[in-house]
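To convert a position in the sequence shown, counted from 1, into this note's numbering, add 3.
Virtual Cβ for every residue (Gly too), placed ideally from N, Cα, C.
As structure tokens, the structure follows; a few thoughts come after it.
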Amino acid sequence: MAAAVLGGIVAVVVLGVAVYTLVVGLAGASGGGEIAVVLLAGIVGLVGVMHVLGVVRLLHQRFPHTGTMALAGGVTVAVTGFGVFRSIRGRGDGPDLTTMLVWVGLAAVVIAMLVLVTRPSVTRWVQATHAHSRRLGHQPEQRRR
């Protein structure tokens, strides 16, 4: 449950960053920069949607799954690592410590979520829930090919 709460927090933060990027970027963009802003906001938004899907799949009543949340967390850790690097490097006038602390905070929350999702107890809970659902006669959805 803690992993789902952390995943939900991360999803809201990442989707908020996507909206912020879009609004602020479009307000200041000119000369074709709008396309880059929309693409960046779209990529960030897709990572947020991955987190939302991860939480939904983890909280599935009959067949919970941790793979989507782990994938979204891995992508977010990579992005936050890049953000920390860019903040340390700065924009020519030295490191941007406030932005770096925000990136580090988000990375800490995502890493905590990943640690919780990959715990052996969570794996056993997922397996037990799947087995119980099958005993009750439920079948997971078959993907069409």
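Of the residues Q130, L117, R138, the one whose Cα lies closest to the Cα of G11 is L117.
Rounded to the nearest whole angstrom, the CA to CA distance from G57 to G76 is 9 angstroms. Annotated as distal: V15 and V50, with beta-carbon spacing of 7 angstroms or more. Here DSSP, grouped into helix, strand and coil, assigns R127 to helix. A30 and V20 have their alpha carbons spaced roughly 15 angstroms apart. For A111, the enclosing alpha helix (DSSP H) has its first and last residue at 100-120.
Nearest Cα to A110 within the set V41, L9, M4: L9.
Relative to the Cα of L61, the nearest Cα in the group Q145, H141, H133, Q142 belongs to H133.
Going by C-alpha positions, E144 is about 12 angstroms away from R137. For G28, the enclosing alpha helix (DSSP H) stretches over residues 5-31. Separation of the CB atoms of V113 and V13 is rounded to 6 angstroms, and the pair is thereby assigned contact status at 8 angstroms.
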